[in-house]
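Residue numbers for the sequence shown follow the working numbering, beginning at 8 and rising by one. The C-beta atom is built at its ideal place from N, Cα and C for all residues, glycine as well. A quick note: this is a predicted structure, and the numbers were derived from the prediction, not measured. Notes follow the structure.
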Amino acid sequence: MKEVKKMAIALFLFVAATSFVQAQSKVAHIDVTQLFAEMPEMIAAEADLKKLQETYRADIENSMTELKNKYTQYSNESASKSEEENQKRAQELQGFEKNIGEAQQNAQQELQKKQAELFAPISEKAKAAIEKVAAAQGYDYVLDAQAGAGVIVAKGKDLLAEVKQELGF
8 MKEVKKMAIA LFLFVAATSF VQAQSKVAHI DVTQLFAEMP EMIAAEADLK
58 KLQETYRADI ENSMTELKNK YTQYSNESAS KSEEENQKRA QELQGFEKNI
108 GEAQQNAQQE LQKKQAELFA PISEKAKAAI EKVAAAQGYD YVLDAQAGAG
158 VIVAKGKDLL AEVKQELGF
């Protein structure tokens with residue numbers, strides 16, 4: 008009987024201590040998407056990506072225009088050319104179309120690579136600032152307050168202003 012009593016007391020103390028420790032945890036939140044959208048580095052990176060995307064788009068549009076012109080030329084001249092010559096031209100156009108498709112895929116891959124290259128240091132900088140502000144203010148947990156990110160109620164401390172100040176904007 009004494010063993011049961013000791014176990015009950017030990018269990019009660021364990022639950023009480025655990026509840027006390029959990030009650031001491033401080034939780035804050037920040038909208039990471041908003042933070043990124045307002046970071047000057049992110050704005051500059053997005054501008055760089057947009058320029059690169061426009062360059063790729065212009066190159067592909069020029070190739071498409073060239074393909075269309077060749078197609079029109081070859082269609083107009085097909086009656087005066089031999090069947091063998093027309094088949095060669097058709098193969099040439101198919102090869103050109105294939106090259107344009109590959110260029111589009113390469114452009115997309117390059118854009119994704121460049122985006123990852125540009126955004127990684129910005130993300131690390133933001134994370135470091137969030138961690139620094141949270142540590143300075145004694146927060147144990149910082150949750151992303153963006154809708155759908157898992158936070159249902161965001162009544163805790165919002166660190167966005169302090170993190171922006173830490174980042175210098």
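Unbroken alpha helix (DSSP H) stretches of 4 residues or longer found wholly inside the region 24–108: 39–45, 47–84, given in chain order. Distance from the CA of residue 125 to the CA of residue 105, rounded to the nearest whole angstrom, comes to 30 Å. The alpha-carbon of residue 42 is positioned some 18 Å away from that of residue 146. In this structure, residue 163 lies near residue 34, with their beta-carbon atoms less than 7 Å apart.
Nearest neighbour of residue 136 by Cα position, chosen from 47, 172, 98, 60, turns out to be 172. Boundaries of the beta strand (DSSP E) around residue 150: 148–151. Straight-line spacing of the CA atoms in residue 88 and residue 116 works out to 40 Å. Looking at the DSSP output, residue 134 shares a beta bridge with no other residue. In the DSSP annotation of this structure, the continuous segment of the alpha helix (DSSP H) that includes residue 174 starts and ends at 167–174. Per DSSP, the beta-bridge partners of residue 164 are 35. In its chain, beyond the 5 residues on either side, 67 have a beta carbon closer than 7 Å to the beta carbon of residue 111. DSSP places residue 141 in the helix class (H, G or I) of the three-state scheme.
Distance from the CA atom of residue 133 to the CA atom of residue 54, rounded to whole angstroms, is 19 Å.
Taking a C-beta distance under 7 Å as the contact criterion, residue 140 and residue 169 qualify as a contact pair. Put simply, of 121, 94, 107 the residue whose alpha carbon is nearest the alpha carbon of residue 70 is 107. Looking at the backbone, the Cα of residue 102 and that of residue 123 are separated by about 32 Å.
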